[in-house]
Amino acid sequence: MRKIWAKIVINNISLNQVNKALTDNDIRINIIDDIDIDISERKNLRIDLYWKLLIEYHWFYNYFQRMIA
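The opening residue of the sequence shown carries number 994 in the working numbering; numbering runs sequentially from there.
See below:
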């Protein structure tokens, strides 16, 4: 989860976009394509339950914004 959130922040993807991607598959696919992650991680992110888990760890977004900035 941490690695994915770090990649999301590095690629300037907003938390709002990540939340919208829960119900909008096109946004989710765009996010997955924009971040540099392994094939297995890409497959996991296509699963709704895994995406919900990612959102549960949304506090990593602010953490990485502070760490990377």
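Glycine included, every Cβ here is placed at the ideal spot set by N, Cα and C.
Quantities reported herein were computed from a predicted structural model and do not represent experimental measurements.
In chain order, what residues of the same chain have a beta carbon less than 7 Å from the beta carbon of D1029, not counting five sequence neighbours either side?
-> K1000
Count the other C-beta atoms from every protein chain shown that fall within 10 angstroms of the C-beta of W1052, then say buried if there are 16 or more, exposed otherwise.
-> exposed
Cutoff 6 Å; reference F1057; Cβ partners in own chain excluding five residues on either side | Excluding residues within five positions, the ones whose Cβ falls inside 6 Å are W998, A999 and V1002.
Tell me where the alpha helix (DSSP H) around L1008 begins and ends.
-> L1008 to K1013
Considering only C-alpha positions, which residue in the set L1046, E1034, I1024 and I1061 is nearest to I1006?
-> I1024
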